[in-house]
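What follows is a short report on a single structure.
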Amino acid sequence: MNANDNTGNTAPETNASTRKTFAIRTAAVVAGLGIAGTLAAAGVGAAHAGTLPVTHPGEPTVAMTITNHTDHTEFYAGGTPGSGRWINAPRFALAPGASEVVTASAPYSASETVLVNYQVGAFGPRAIYELENVRGDVNTNMTGTTGGHYFVNASVASGFPNANAVYDLW
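Oh and the sequence shown: position 85 is 85 in UniProt numbering, straight run, nothing missing.
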């Protein structure tokens, strides 16, 4: 008679099952760390867009990282690259939880003011994202919402001539 028969202990089967589960979990953790490392090396999820290619020295460029933290889709309602041109124009729709980077440059101007308007939901208020890129006064002063319980957190990440700003709609 085997000792396992008397106690009902199934230790050999449990150990094999435990080893298999441990191996699967270890492989998943290693794969997850590899993916996280790759994303970090690629810069995915960076707080702002970084710098843009410049064709003329001192040329003002703008990069605006916009994130929608609401439970409503934002719909593009207009905007302007100011005295410049779009490099990466605003999307038609920005889904809940989504981010985008809007970029523009003004190769023949001393400054640039970029304005992007989104409507929150089908009939909601407007979210206004503005970045003024002027020597000595890079700001987001005209950023905000036109109503509702929404608000925009805006911060300037880098200044003139290559201005970066981060916007979070809540």
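The beta-carbon is built from N, C-alpha and C at its ideal position, and this holds for glycine as well.
For this session: On a CA-only basis, which of Ser109, Phe151, His72 is nearest Arg60? Give me that one, please.
Result: By one-based count along the sequence shown, residue 60 stands at place 60. The identity of residue 60 in the sequence shown is Pro, whereas the question assumes Arg. The residue among Ser109, Phe151, His72 with its C-alpha nearest the C-alpha of Pro60 is Ser109.
Problem set entry | Close beta carbons around Leu115, own chain, < 6 Å, minus the five adjacent residues each side | The residue labelled residue 115 in the question sits at position 115 within the sequence shown. Counting only Cβ-Cβ distances below 6 Å, and skipping sequence neighbours, we find Gly79, Thr80, Glu130.
Problem set entry | Backbone secondary structure at Val134 - three-state DSSP | Indexing the sequence shown from 1 puts residue 134 at position 134. Under the three-state reduction of DSSP output, Val134 falls in the coil class, being neither helix nor strand.
For this session: Note down, in chain order, each residue of its chain lying with its Cβ closer than 6 Å to the Cβ of Thr146, except the 5 sequence neighbours on either side.
Result: Counted from its first residue, the sequence shown places residue 146 at position 146. Answer for Thr146: Pro125, Arg126, listed in chain order.
Exercise. For Thr146, which of helix, strand or coil comes out of DSSP?
Worked result: Reading the sequence shown from its first residue, position 146 is the one you call residue 146. Three-state result, Thr146: coil.
Exercise. Are the CB atoms of Ala63 and Thr103 nearer to each other than 7 Å?
Worked result: As a working note, residue 63 is residue 63 in the sequence shown. As a working note, residue 103 is residue 103 in the sequence shown. Yes, Cβ-Cβ distance for Ala63 and Thr103 is below 7 Å.
Exercise. Counting along the chain, where does the beta strand (DSSP E) carrying Ala163 start and finish?
Worked result: On the sequence shown, residue 163 is found 163 positions in, with the first residue counted as 1. For Ala163, the enclosing beta strand (DSSP E) starts and ends at 162-169.
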